[in-house]
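K.L.:
First to last, the protein sequences are chains A and B.
If you count the first sequence from 1, you need to add 1138 to reach my numbering.
If you count the second sequence from 1, you need to add 1138 to reach my numbering.
Here a beta-carbon is modelled for each residue, glycine too, at the ideal position from N, C-alpha and C.
Protein chains: 2
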Amino acid sequence: MAGSRHTAQRQAIQSVLENAEGPLSRAEIFRKAQRLKAGLGQATVYRTLKLLEEQGKVRSVWLERSEVRYESADLGHHHHFRCRLCHRVFDLQAAPQACQLPGNQLLAEAGFLVESHQVTLTGLCPLCCSGRS
Amino acid sequence: MAGSRHTAQRQAIQSVLENAEGPLSRAEIFRKAQRLKAGLGQATVYRTLKLLEEQGKVRSVWLERSEVRYESADLGHHHHFRCRLCHRVFDLQAAPQACQLPGNQLLAEAGFLVESHQVTLTGLCPLCCSGRS
DNA sequence: CTAAATGCAAAATCTTTGCAGCCTC
DNA sequence: GAGGCTGCAAAGATTTTGCATTTAG
């Protein structure tokens, strides 16, 4: 990783991710970051997200059909809840020791080395659950 | 669901999914289904997968950056393990009662209705784990 | 027969890349 | 200054769509 310069564009994108309520799509990141840095180009968003992901500063998660979302790696481990109706995505704070997923023991015996995991719940959020249309 | 005719193309695609070892990418489905039905077109695969998913006969899962994979819904609930090196995807059979994910109780109290969930483990499969480079 | 389903190819999207100028370090 | 970064626009991929034709029911 020869150089990694500090530019206004990267600053804007990182800032957007750090202040997000949940993982954001590329389009959302582009829109929000453009408000922080006028003239920001799409290509820069693609390039920067790829870079940040390689540097481990950003994680990508896959919550719905062909849509990648990104989140700051600073957030620590957590799971996601996605509302089937309004499509909003919520971060769920999980107690670290709560992540003893079933089967880990068996997997280890079978020779698998589990390094990380991703859990996504789907259903209805409080708003959609009560105020149903 | 007005009509849903039984055609050789759909039969081929469903057959491929039912006999899969793990979730398949669109390209894999296309390739395999073409062997069962010569002349099958890409567009038909797109249209059929979308239809089957809406009918609940097929599920889609998101295991890596911008790649959707599909699996037959007949397989029942299970989780996935994806190898970081060889990228193979394994189905993990989970005991139903083992899927009491932590936090469900809290979520219910907060007004969330959890309908389904997806768990993906990542790491090294037995082969990549032993024969490490 | 009738209308759903298909294949083809064009259209619409989405993502990556080449390049000249700009801006950190 | 030198080389990484950026925006732009062109090039590449990927996915969807229009339409004439085929085919299940």
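Cβ of A:Q1256 less than 9 Å from any chain B Cβ?
P.N.:
Chain B contact via Cβ: present.
K.L.:
Starting from the beta carbon of A:L1251, find every residue of chain B whose beta carbon is closer than 7 Å, and list them in chain order.
P.N.:
Per Cβ cutoff of 7 Å: G1261, L1262 and C1267.
K.L.:
Excluding the 5 residues preceding and the 5 following A:R1248 in the sequence, name in chain order all residues of the same chain whose CB lies nearer than 7 Å to its CB.
P.N.:
Residue identity check: residue 1248 of chain A is Ala in the sequence provided, not Arg. Within the same chain, A:A1248 has no close Cβ partners at all.
K.L.:
Please list the partners that B:F1168 has in chain A, where partner means a Cβ-to-Cβ separation under 7 Å.
P.N.:
Near B:F1168 there are no residues of chain A at all, since even the closest Cβ is about 16 Å away, more than 7 Å.
K.L.:
Compute the Euclidean distance between the alpha carbons of A:V1196 and B:L1174, then round it to the nearest angstrom.
P.N.:
Computed Cα separation, rounded: 42 Å.
K.L.:
At the level of alpha carbons, what is the spacing between A:A1146 and B:R1220?
P.N.:
For A:A1146 and B:R1220, the distance between alpha carbons rounds to 36 Å.
K.L.:
Which word fits A:S1210, buried or exposed, when buried means at least 16 other C-beta atoms lie within 10 angstroms of its C-beta?
P.N.:
Result: buried.
K.L.:
Do B:R1226 and B:C1263 have their C-beta atoms closer together than 9 Å?
P.N.:
Going by C-beta atoms, B:R1226 is nearer than 9 Å to B:C1263.
K.L.:
Identify whether B:S1198 lies in helix, strand or coil by the three-state DSSP scheme.
P.N.:
Note: B:S1198 maps to strand in three-state DSSP.
K.L.:
Do the region 1253-1260 of chain A and the region 1152-1172 of chain B meet, that is, are 3 or more Cβ pairs less than 8 Å apart?
P.N.:
Flag = no, the region 1253-1260 of chain A and the region 1152-1172 of chain B do not touch.
K.L.:
So A:A1181 contacts chain B; which residues on that side make the cut at Cβ distance below 7 Å?
P.N.:
Neighbours of A:A1181 on chain B: none; closest Cβ ~17 Å, over 7 Å.
K.L.:
Within a Cβ cutoff of 6 Å, which residues of the same chain sit near A:L1190, ignoring the five residues on either side of it in sequence?
P.N.:
These residues qualify, in order along the chain: V1196.
K.L.:
Pick out whichever of A:L1265, A:G1177, A:D1229 and A:L1244 has its Cα sitting closest to the Cα of A:E1159.
P.N.:
That would be A:D1229, whose Cα lies nearest to the Cα of A:E1159.
K.L.:
If the cut is a Cβ gap below 9 Å, which residues of chain B does A:A1248 touch?
P.N.:
Within chain B, the residues near A:A1248 are P1264.
K.L.:
In three-state DSSP terms, what is B:S1268?
P.N.:
Helix.
K.L.:
Tell me the DSSP bridge mates of A:Q1231?
P.N.:
According to DSSP, which records beta bridges pairwise, A:Q1231 is partnered with A:H1216.
K.L.:
Taking the beta strand (DSSP E) that B:L1178 falls in, what are its first and last residues?
P.N.:
Segment: none, B:L1178 is in no beta strand (DSSP E) and carries neither H nor E.
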